[in-house]
Each structure stands twice: as structure tokens, then as C-alpha cells.
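Q: Just so we're aligned, residue 1 is where the sequence shown starts under UniProt numbering, counting upward by one.
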Amino acid sequence: MLAVAVEVMAEQGVAGLTLGEVARRMGIRPPSLYVYFDGKNALYDALFERGWRELLAAVRSAHAGGPRPSAAADLLAHEVAFVRWAVEHPAYTPLMFWRPVPGFVPTARGYAPAVEMAQYSRQFLGQLRDRGLLPPDVDLDRAFRTLTVVVNGVITQQLANAPGEPFETGTFTSTLPDVVAMWLAHHGGRAVPDLRAVPPG
Numbered sequence: 001m002l003a004v005a006v007e008v009m010a011e012q013g014v015a016g017l018t019l020g021e022v023a024r025r026m027g028i029r030p031p032s033l034y035v036y037f038d039g040k041n042a043l044y045d046a047l048f049e050r051g052w053r054e055l056l057a058a059v060r061s062a063h064a065g066g067p068r069p070s071a072a073a074d075l076l077a078h079e080v081a082f083v084r085w086a087v088e089h090p091a092y093t094p095l096m097f098w099r100p101v102p103g104f105v106p107t108a109r110g111y112a113p114a115v116e117m118a119q120y121s122r123q124f125l126g127q128l129r130d131r132g133l134l135p136p137d138v139d140l141d142r143a144f145r146t147l148t149v150v151v152n153g154v155i156t157q158q159l160a161n162a163p164g165e166p167f168e169t170g171t172f173t174s175t176l177p178d179v180v181a182m183w184l185a186h187h188g189g190r191a192v193p194d195l196r197a198v199p200p201g
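Written out as C-alpha cells, the structure reads:
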């Protein structure tokens, strides 16, 4: 059912999702959907939760092999995994990152994986500090917030202005190493490696 809802959002936008269209594509009557969801916002909530769980899994998989020799490579791999998933799942991304549906607010359960993603990323920045990529006195909360601003800007620019381009050669996603390097220069207080030459994998 959620997969069908994603198909509808991919074609008609997040705000274009309706229970009636989901039911039609599933070959059932709309009232049957209320067995699973008590309304459209409940469906949005399930999609929001699913999207963040999938994104969290993608970012975690980038670190499945353990720390790389270069902390800078780990940083870039983290952000590459995050941005790649977001631009390659454009049906989910507006619901997760923007507010395209007036009145929709995720429930505590739906929002939980987004909170978990934030906690995971903050812990990751702490590890980069401990490895010397960030200074000992770095404000991790501020560093996390500024990182979300610049990285989410890449996602927004790509999806708004050049949707459908491959991640590797996207007009805006291809600037990700530069964007992360600028962030690191601001917070790092040390010589910044050329992240364009750092393999993220």
C-alpha cells in the first residue's frame, strides 16, 4: 500500500496523494483503506516514518565497514549517502524535508526515525572531533545545524532545478565535496583536505 502511495506522489506530487487514487490503483474501494489508516494524514505519517527509516539505513550502510583511514573520507561518505538517497527518492523528500501538506504534522512515532537520524549524525560529528578532523572545542550542535543547512541546500537545488539528473553528475549534487569542504573550513580550524580528491566509498 505504501509503495502504491509513493507511486502516486512521484506522479502527482506529495499534495496530490489521495486515498481514492491509492484505492483505485490497488483495485479496492476507498473505505477499505480505513482498515489500515484513519485518514490521509495517517498515510502521510506512515510514509514519513518509512522514508526516514530508509534514509537512516542508507547512511548507516555507508559506515558498515568501520572507520576509513581518512576522517575526511568518512565525512564525505556520510553526506554522499544522505544526499544521494534524498535526490534518488524525490517522492519522499518533499514530505520529509519541506512542508508541502498544510496541516500535516508527523506523530511522535512517525518523527522518531528523523530524531534518530539527527542523533546518529551528531554522534558521528563527535567521532570526527575525537579523530582530530574537528577541533576539541567545536560546538557540535551548531556544527550539526550548519551542516544540515548547507547539505539540504544541495538537495533542494538539485530537486528544484535539475531533477532527474544522475547523482554523480548532477548540476548541484556534483558540488557536494566543495560544500562539505566549505563547512569543514568554517568549523575545522585546520588545513582542509581537498574533498574532491577523496573517494567517498
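Cβ atoms here follow ideal geometry from the backbone N, Cα and C, with glycine treated the same way. Being a predicted model, the structure only gives us computed values, none of them experimental.
From Gln-127, Arg-131, Arg-122, Thr-175, pick the residue whose C-alpha is nearest to that of Ala-143; which is it?
A: Comparing Cα positions, the closest option is Arg-122.
Q: Would you call the segment 48 to 62 and the segment 94 to 113 in contact, with 3 or more CB pairs under 8 Å?
A: Short answer: they touch.
Q: Counting only runs of 4+ residues fully inside the segment 87 to 156, write out the alpha helix (DSSP H) ranges in chain order.
A: As far as the segment 87 to 156 is concerned, its whole alpha helix (DSSP H) runs of at least 4 residues are 93 to 97, 108 to 130.
Q: For Leu-17 and Asp-178, I'd like the C-alpha separation in whole angstroms.
A: Those two C-alpha atoms are separated by around 36 Å.
Q: What did DSSP end up calling Phe-82 once you bin it into helix, strand or coil?
A: DSSP places Phe-82 in helix when its eight states are reduced to three.
Q: Taking Leu-184 as part of the alpha helix (DSSP H), name the residues at either end of that continuous run.
A: Its alpha helix (DSSP H) spans residues 176 to 188.
Q: How big is the Cα-Cα spacing for Gly-164 and Ala-58?
A: For Gly-164 and Ala-58, the distance between alpha carbons rounds to 20 Å.
Q: Which residues bound the alpha helix (DSSP H) around Ser-61?
A: Taken as a continuous stretch (DSSP letters only), the alpha helix (DSSP H) holding Ser-61 covers 40 to 61.
Q: Spatial neighbours of Met-96 within its chain, please: C-beta separation below 7 Å, excluding the five flanking residues on both sides.
A: Once the five neighbours on either side are set aside, the close Cβ partners of Met-96 are Phe-48, Gly-51, Trp-52.
Q: Please classify Gly-132: is it buried, with 16 or more other beta-carbons within 10 angstroms of its beta-carbon, or exposed?
A: Looking at its Cβ environment, which holds fewer than 16 other Cβ atoms inside 10 Å, Gly-132 is exposed.
Q: List the whole-angstrom C-beta distance separating Val-22 from Ala-5, where the pair is believed to meet the contact cut-off of C-beta under 8 Å.
A: Yes, Val-22 and Ala-5 are in contact; Cβ-Cβ is about 5 Å, under 8 Å.
Q: In chain order, what residues of the same chain have a beta carbon less than 7 Å from the beta carbon of Pro-67, not counting five sequence neighbours either side?
A: Correct list, in chain order: Asp-74.
Q: Who are the Cβ neighbours of Leu-19 in its own chain at under 6 Å, not counting the five residues just before and after it?
A: Closer than 6 Å at Cβ, skipping near neighbours: Pro-30, Leu-33, Lys-40.
Q: Answer yes or no: do Pro-102 and Leu-159 have a C-beta to C-beta separation smaller than 7 Å?
A: No, the Cβ-Cβ distance between Pro-102 and Leu-159 is not below 7 Å.
Q: According to DSSP, is Pro-30 part of a helix, a strand, or is it coil?
A: Correct three-state label for Pro-30: helix.
Q: Classify Leu-17 as helix, strand or coil using the three-state DSSP reduction.
A: Here Leu-17 sits in coil by DSSP.
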